[in-house]
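Accompanying notes for the structure given below.
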Amino acid sequence: MRVRTKLLFAFALLFAGIVILRGISFHLENRRVDEILARSQAEKRHLAETLIAKEDEQLATFVADYSLWDEMVAFVAEPSADWARTNLSPALATFGADEIRVYDAEDRPIHLTAENPEQAQAPLSAQELRQLFLGQNFPRFHLIRDDDIWEYRGAPIQPSSDDARQTAARGYLVAGRLLDRQYASTLSALTGASVRVHVGNDPLREPTSTSCIVEVPLADARGIAIGEVEFEFNLPYIHFSRAIRNQEILVTILGMVIILLLVAQISHRSITEPLEIIASALKRGDTASLSRLTGRASEYQLIAGRLAEFLHQKRFLEDEIEMRERAERALVAARADAERANEAKSAFLANMSHEIRTPMNGVIGMTDLLLDTRMDDYQRDCVETIQSSGQVLLGVINDILDFSKIEAGEMTLERIVFDLTGVLEDSLAPFRPQCRDKGIELELDTSLDLPRQVVGDPVRVRQIVTNLVANAIKFTREGRVRVTFGLLSSKDCVYRLHASVTDTGIGMSAETRGRLFRPFAQADSSTTRCYGGTGLGLSITRRLVELMNGAIGVESSEGQGSCFHFSLEFGTPECHERSRPTNSGAIRAAKARRVLVVEDNDVNRCVASGLLKQMGCIVEVAENGREALRKVRQDDFDLVLMDIQMPELDGYEATRLIRELDVEAKSQVPIIALTANALVSDREDCLAAGMDDFLSKPMLRSELLRVFGRFFGGEDG
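For the sequence shown, my numbering assigns the number -13 to the initial residue and increments by one for each residue that follows.
Okay, here's the thing in structure tokens:
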């Protein structure tokens, strides 16, 4: 922000602050004026109500005097027109009444004196008057007649003596008055206000800026308002006070604007203009504009001289900075390209794993279930061939994912006690039918001092042996493939073993051996066409051997076969606290467990349900996360197998909602991710969503047993 702008902004804030303070003062003064107005309005209302009551005293006096007049009692007993003309007719003018009515004790009208007797209507029936007068002294009420409001006063006619007044009334006296313009004029003269009498449905007048409106309600015999007497009082001094304050705040704002403009002009000339010249010179790197400061204050001349020196040095440094920035940009661009390539690779691996593992789960799972059924030999051979082919395809997928994990530094090794000889024999067993078909021998040669049990990762040992033996068989047409294992040393709780895989195959050249353990490397393009493969197996094998603190090498000549030799390190069982778990405890733990399988794929639901039912579980299925949430609310489950990618509600969100359930038992049910995504990042996402473990497709019986052993104490001690 420029200095000039900052100064203007500061003065504007000062101006705004003064205006705000003046506005607050104005608001407080207005509140005081409003209080005065409210007090004045209350006083005016009291005055209006007092005057209306005073005007009503004439009728009240007439009714009070005449209803207790003994001559009136005699008149009710024996009506006399002469007496009424002499005593009642003059009362119309004397007491300001417009009509007088007299009823006898049986509620019959016996006399009416009115300005216009032909148009006089009975205000109420005699029975209504009796009910109105019972228990009340001088009742007052209003009626609407011919769109006008009438005021009535009445009382029971009784003798003047107290004893006689204890008897029943001898009759009833009612006096009425029309609340017309004359009545309003009388009130207006007394109050100095504009007075209007109107019925309830007539609109009220709106007060002006110099007046206030006061309404005094008029009620009928039942107490319901039927109209008002409206007073409009003139209050010019309040309007004058507000006008004066408005002018004051307007003058304040105008004065502040003028002062602001003057201060801005002065500050621009003395402060901001020189600073803008200096800032412009710094921005453009031009010292010519600094000459405009000549003749100004000595401080600006000193600044201009120092600034010229600085600009000369700045130009010298800019060239070097620009060269370094170009180099840094090139490095940043190269790094960004590498990161994008790595992200693209990870996305590809994740998509490939998901898309291939989903159908592979159905193929391998269904063959496992089918092998447990009764079949003839030919059918069993066909199913075993399907299973073997599926395992080969799954091996290719696992090789690619393993390579990605190793590159990312996410590959970890398990350390458990296992039977080394048994693992070696199990690793070679799947290759023996293939060797018989090709007419080659497959041999396993172990030294007598080879330890039977070691501590390490049996799965990765199997993977190393399988990769090397599969390659040897692939490139051998006749002869044999020989696997040897022997003990090199045993000390400090570590076994160091030496192993080799030797074949009589086609061999390889020195050039091929040089690039053999690189990722995706093969002898030449014809190797892929003739023998297949991804070129990842040996690269992964080398990384696994190195993770086991070993080394791997190869000796080979074209047409003379090959020998892959490597070393591995294992722990000794005596120094290891853990013992190898067995499946029997996990199988017992799975019996009668209620398991909910959440999976949108029909084949995968069938595979998972079949494996679980064979283990003795009670299985419920749900096709999506929303249905799973409903079933968990309605029933109790020991375990939930949750797919990730599902319609309506995916596995992540379904897990979060289950964890939010109020019932503690349901919110703590183990939830196992069951997904075709097999990367480490996928596992972390599942655990972050609240899941307890992670199973990748295709789902294997051994992995299910591991889960039951972990969560239900199924490991044999």
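Positions of the beta carbon are idealized from the N, C-alpha and C atoms, including for glycine.
Candidates G547, S476, V480 and R438: closest to A777 by CA position: Given that the chain is displayed from residue -13 to residue 703, the structure contains no residue 777 and the question cannot be resolved.
E216, buried or exposed, once every other Cβ within 10 Å from all chains shown has been counted against 16: Here residue 216 corresponds to residue number 230 of the sequence shown, with the count starting at 1. So E216 counts as buried.
Same chain, Cβ closer than 8 Å to C516, five either side skipped, listed in chain order: Your numbering for residue 516 matches position 530 in the sequence shown. Because the pLDDT of C516 is 46, which lies under 50, any placement of that residue in the model is unreliable, and the number read from its coordinates should be weighed accordingly. Within the same chain, and ignoring the five residues on either side of C516 in sequence, no residue has its Cβ closer than 8 Å to its Cβ.
Burial state of V419, where buried means 16 or more other Cβ atoms lie within 10 Å: Along the sequence shown, one-based indexing puts residue 419 at 433. One point to set straight first is that residue 419 is Pro, not Val, in the sequence displayed. Flag for P419 reads exposed.
Check whether R612 and E646 have beta carbons under 8 Å apart: On the sequence shown, position 626 is the one that residue 612 refers to. On the sequence shown, position 660 is the one that residue 646 refers to. Using a Cβ distance threshold of 8 Å, R612 and E646 do not count as a contacting pair.
Own chain, CB closer than 6 Å to L554, minus 5 neighbours either side, in chain order: Here residue 554 refers to the residue found at position 568 when the sequence shown is read from its first residue. The residues L483, M534 and G536, in chain order, have a CB closer than 6 Å to that of L554 in the same chain once the five nearest residues on each side in sequence are set aside.
The segment 93 to 104 touching the segment 55 to 71, judged by at least three CB pairs closer than 8 Å: yes
Residue span of the beta strand (DSSP E) that contains K704, given as start and end: This structure cannot settle anything about residue 704, because the visible part of the chain is limited to -13 through 703.
Three or more C-beta pairs below 8 Å linking the segment 310 to 329 and the segment 354 to 372: no
T99 - containing beta strand (DSSP E), residue span: Position 113 of the sequence shown, counted from the first residue, corresponds to residue 99. Run containing T99: P95 to A100, per the beta strand (DSSP E) assignment.
Endpoints, the alpha helix (DSSP H) within which D489 is located: Within the sequence shown, residue 489 is the residue found at index 503, counting from 1. Note, D489: premise wrong, no alpha helix (DSSP H); beta strand (DSSP E) at V480 to D489.
Residue nearest to F552 in terms of C-alpha spacing, selected from P559, I239 and I538: The sequence position of residue 552 within the sequence shown is 566, counting from 1. Considering only alpha carbons, the answer is I538.
Q439, DSSP secondary structure in three states: In the sequence shown, the residue the question calls residue 439 occupies position 453. DSSP places Q439 in strand when its eight states are reduced to three.
Classification of Y52 by the beta-carbon crowding that lies within 10 angstroms, buried from 16 upward: Counting from 1 along the sequence shown, the entry for residue 52 is found at position 66. So Y52 ends up on the buried side.
At least three beta-carbon pairs within less than 8 Å, the segment 601 to 615 to the segment 636 to 646: yes
Buried versus exposed, by CB contacts within 10 Å (16 or more), A205: Looking up residue 205 in the sequence shown gives position 219. It counts as exposed.
Residues sharing a beta bridge with G186, DSSP: Taking the first residue of the sequence shown as 1, we reach residue 186 at position 200. In DSSP, G186 forms no bridge with anything.
The segment 460 to 471 touching the segment 483 to 493, judged by at least three CB pairs closer than 8 Å: yes
Beta strand (DSSP E) runs wholly inside the segment 393 to 474, at least 3 long, in chain order: 402 to 405, 427 to 432 and 439 to 442
Sub-8 Å separation of L118 and A39 beta-carbons: Position 132 of the sequence shown, counted from the first residue, corresponds to residue 118. Position 53 of the sequence shown, counted from the first residue, corresponds to residue 39. No, the pair does not count as a contact, with Cβ atoms beyond the cut-off.
CB contact flag (G637, A659, <8 Å): By 1-based counting over the sequence shown, the position of residue 637 is 651. By 1-based counting over the sequence shown, the position of residue 659 is 673. In contact: G637 and A659 (Cβ atoms closer than 8 Å).
Proximity to R116 [Cα-Cα], best of F81, A155 and A316: Position 130 of the sequence shown, counting from 1, holds the residue named residue 116. Closest by alpha carbon: A155.
Opposing strand residues paired with C561 [DSSP bridges]: By 1-based counting over the sequence shown, the position of residue 561 is 575. DSSP output for C561 lists no bridge partner at all.
Helix, strand or coil at T359 [DSSP, three-state]: Within the sequence shown, numbered from 1, the residue matching residue 359 stands at position 373. Coil.
Straight-line gap, G518 to R501 (C-alpha atoms, nearest Å): As a first step, residue 518 is located in the sequence shown; it is residue number 532 there, counting from the start. As a first step, residue 501 is located in the sequence shown; it is residue number 515 there, counting from the start. In this predicted model, G518 has a pLDDT of only 46, less than 50, meaning its place in the structure is not dependable; the value taken from the coordinates is given anyway. Rounded to the nearest angstrom, the two C-alpha atoms are 18 Å apart.
For I6 and V183, the rounded distance between their alpha carbons: Taking the first residue of the sequence shown as 1, we reach residue 183 at position 197. Taking the first residue of the sequence shown as 1, we reach residue 6 at position 20. Each residue's alpha carbon lies about 46 Å from the other.
Rounded straight-line distance, which links the Cα of H32 to that of F(-5): Counting from one through the sequence shown, the residue named residue -5 turns up at place 9. Counting from one through the sequence shown, the residue named residue 32 turns up at place 46. Taking the straight line from one Cα to the other gives about 54 Å.
Three-state class that DSSP yields for T153 in the structure shown: The residue given as residue 153 occupies position 167 in the sequence shown. Residue state, collapsed to three classes: coil.
Residue(s) in a DSSP beta bridge with Y89: Within the sequence shown, numbered from 1, the residue matching residue 89 stands at position 103. Partner(s): P95 and Y158.
Buried/exposed call for S565, threshold 16 Cβ in 10 Å: Taking the first residue of the sequence shown as position 1, residue 565 is located at position 579. For S565, the pLDDT reaches just 45, beneath the cut-off of 50, and the residue's location in the model is therefore unreliable, leaving the point undetermined.
Residues sharing a beta bridge with L37, DSSP: The sequence position of residue 37 within the sequence shown is 51, counting from 1. Looking at the DSSP assignment, L37 forms no beta bridge with any residue, so it has no partner.
Three or more C-beta pairs below 8 Å linking the segment 81 to 96 and the segment 186 to 206: no
Range covered by the beta strand (DSSP E) that runs through F127: The residue given as residue 127 occupies position 141 in the sequence shown. Note, F127: beta strand (DSSP E), R126 to R131.
Buried/exposed call for F302, threshold 16 Cβ in 10 Å: The residue you call residue 302 lines up with position 316 of the sequence shown. Looking at its Cβ environment, which holds fewer than 16 other Cβ atoms inside 10 Å, F302 is exposed.
Identity of the residue in R619, Q631 and F461 nearest D586 by Cα: As a first step, residue 586 is located in the sequence shown; it is residue number 600 there, counting from the start. Among R619, Q631 and F461, the Cα nearest to that of D586 belongs to Q631.
Same chain, Cβ closer than 7 Å to R446, five either side skipped, listed in chain order: Taking the first residue of the sequence shown as 1, we reach residue 446 at position 460. Closer than 7 Å at Cβ, skipping near neighbours: L399 and L530.
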